[in-house]
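In this note's numbering, the protein residues as written are 66 to 181.
Remarks on the structure that follows.
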């Protein structure tokens, strides 16, 4: 009987015997009465899932004047920020080419060596 029942004392000091099934029912009832957990705020997820769809706008810009324009109207300079991005890329490529040319010159001529 000790293995199937739990003994508790109530607030008045009386011994109360409760079977395991009754204890389980009380526990389930108490667990289900807990306050609901508040949903966390998902600001970045909400922002990304509700981000406006701009595909139609971009397609309209890219296809303006036809798509077979070749060098007369290249697609890589049609967007508003394309000139800035292309300029930054050209600047970085020029800087890298200049540094490589200086390094090759110094290797070929032996200049700029660190003396031991």
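By construction, the Cβ of each residue, glycine as well, lies at the ideal position given by its N, Cα and C atoms.
Where the alpha helix (DSSP H) containing residue i begins and where it ends
i: residue 122; result: 120 to 127
i: residue 152; result: 147 to 174
i: residue 114; result: 108 to 114
Beta carbon of residue i nearer than 8 Å to that of residue j
i: residue 114; j: residue 127; result: no
Heavy atom of the ligand NAD within 7 Å of residue i beta-carbon
i: residue 128; result: Inclusion of the ligand NAD in the displayed structure is not the case, the ligand content being empty and no account of it being possible.
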